[in-house]
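Visitor: Keeping their order, the protein sequence lines are chains A and B.
So that you can map any letter, position 64 of the first sequence is 64 in UniProt numbering, and since no number is skipped, the others follow by simple counting.
So that you can map any letter, position 51 of the second sequence is 51 in UniProt numbering, and since no number is skipped, the others follow by simple counting.
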Amino acid sequence: MSSSFSEECTPAKQKYDTCFNDWYVNKFLKGDIHNRECDDLFYEYKQCLFKALKVKKVEPLLEAARKED
Amino acid sequence: MSVYKDESEFDAPWENISSAWLRRYPNPYSSHVVSADVLERYIDEKGRLHTERLLVKQGRVPRWASELLNVSKSYILERSIIDANKRELLSETFNIDHLKLLKAMEYNRYQPSQEDSSKTSITTLAQFASPLRLGLGRRVQKYCLKRFPEQLIGSRRGILYVLQKYKSFS
Numbered sequence: 001m002s003s004s005f006s007e008e009c010t011p012a013k014q015k016y017d018t019c020f021n022d023w024y025v026n027k028f029l030k031g032d033i034h035n036r037e038c039d040d041l042f043y044e045y046k047q048c049l050f051k052a053l054k055v056k057k058v059e060p061l062l063e064a065a066r067k068e069d
Numbered sequence: 001m002s003v004y005k006d007e008s009e010f011d012a013p014w015e016n017i018s019s020a021w022l023r024r025y026p027n028p029y030s031s032h033v034v035s036a037d038v039l040e041r042y043i044d045e046k047g048r049l050h051t052e053r054l055l056v057k058q059g060r061v062p063r064w065a066s067e068l069l070n071v072s073k074s075y076i077l078e079r080s081i082i083d084a085n086k087r088e089l090l091s092e093t094f095n096i097d098h099l100k101l102l103k104a105m106e107y108n109r110y111q112p113s114q115e116d117s118s119k120t121s122i123t124t125l126a127q128f129a130s131p132l133r134l135g136l137g138r139r140v141q142k143y144c145l146k147r148f149p150e151q152l153i154g155s156r157r158g159i160l161y162v163l164q165k166y167k168s169f170s
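Written as structure tokens, this is what we have:
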């Protein structure tokens, strides 16, 4: 399983990834798209990730890329 | 701008390929991809899964690039739309830094092969545009174009590697 670009987020990311991978194969691909069992784990992971994107100054790069769309 | 097009086929059903694609990092053929983060993920009104990921690539930078701009790391944005009904995965990837040197875009479409729906066909389109002047830009684009087929083989081997590793898919 891949790491987060910010080391301290890797545990939360891997927990979320495990949930998502299982959801993708066993729910999404089988047409069960309304099941949201990984939302809480995604939220936790995102809290960590978005803080890190700010601290490590990646946010401006993302904003510039989105502006170009 | 330089453009590269390619079509290929995987001897595995679309469901397995799309699962492997989503979890293709890390793999020994993409050791330069050091991290993959999910920035955004949602299901749209048509039931399609949208994902935006941030990839960080490290090392493996040509000497002229590191000399020119002190490049050793690059941030890549990857967006995908997965339609399980249509059995289609669309992706686009592009760098969001070092844009003064190069903008590299890659588009892929994965869908069941027309002749045999237990196989998966991939269509790839890559574009390289460098804003550098004095003929340098053209050289950069040419360099990328020359290296791309090899990278493509690597990324496909990576997907197959992950596919083998998780044989229990779906």
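Positions of the beta carbon are idealized from the N, C-alpha and C atoms, including for glycine.
Note that the coordinates shown come from a computational prediction; the quantities given were computed from them, not determined experimentally.
Please report the distance separating the alpha-carbon of LYS19 of chain A from that of ASN26 of chain A.
Guide: Note that residue 19 of chain A is Cys in the sequence shown, not Lys. Between CYS19 of chain A and ASN26 of chain A, the C-alpha separation is close to 11 Å.
Visitor: Buried or exposed, going by whether 16 or more other CB atoms sit within 10 Å of the CB of ALA42 of chain A?
Guide: The question names Ala, but residue 42 of chain A is Phe in the sequence shown. Buried.
Visitor: Would you list the one or two residues that DSSP bridges to ALA52 of chain A?
Guide: In DSSP, ALA52 of chain A forms no bridge with anything.
Visitor: Using a Cβ cut-off of 8 Å (strictly closer), state whether LEU61 of chain A contacts chain B.
Guide: It does; some Cβ of chain B falls within 8 Å.
Visitor: With DSSP collapsed to three states, give me the class of ASN27 of chain B.
Guide: Residue state, collapsed to three classes: coil.
Visitor: How long is the line joining the alpha carbons of ARG87 of chain B and PHE94 of chain B, rounded to whole angstroms?
Guide: Each residue's Cα considered, the two are about 24 Å apart.
Visitor: Under a CB-based cut-off of 8 Å, is TYR24 of chain A close to chain B?
Guide: Closer than 8 Å: yes.
Visitor: Taking Cβ positions only, does ASN21 of chain A come closer than 8 Å to chain B?
Guide: Output row for ASN21 of chain A: interface = yes.
Visitor: Can a CB atom of chain B be found closer than 8 Å to the CB of ALA12 of chain A?
Guide: By this cut-off, ALA12 of chain A is not an interface position.
Visitor: On a CA-only basis, which of B:LEU102, B:LEU90, B:THR120 and B:CYS144 is nearest LEU132 of chain B? Give me that one, please.
Guide: The candidate whose alpha carbon is nearest that of LEU132 of chain B is B:LEU102.
Visitor: With respect to the beta strand (DSSP E) encompassing ILE122 of chain B, which residues constitute its N-terminal and C-terminal limits?
Guide: Its beta strand (DSSP E) spans residues 120-129.
Visitor: Along chain A, which residues have their Cβ under 7 Å away from the Cβ of GLY47 of chain B?
Guide: Correct list: ILE33.
Visitor: Against chain A, does PRO26 of chain B count as a neighbour if the rule is that its beta carbon must be under 8 Å from one of theirs?
Guide: Yes, because at least one Cβ of chain A sits closer than 8 Å to the Cβ of PRO26 of chain B.
Visitor: Identify each residue in the stretch 45-56 of chain A for which the Cβ-Cβ distance to at least one residue of chain B is less than 7 Å, and report them in chain order.
Guide: Listed by position, the residues of the stretch 45-56 of chain A near chain B (Cβ gap below 7 Å) are LEU49.
Visitor: Can you tell me which residues form a DSSP beta bridge with PHE10 of chain B?
Guide: In DSSP, PHE10 of chain B forms a bridge with B:THR120.
Visitor: Can you tell which of B:TYR161, B:THR120, B:GLN141 and B:GLU92 has its C-alpha closest to the C-alpha of SER8 of chain B?
Guide: Out of B:TYR161, B:THR120, B:GLN141 and B:GLU92, B:THR120 has the C-alpha closest to the C-alpha of SER8 of chain B.
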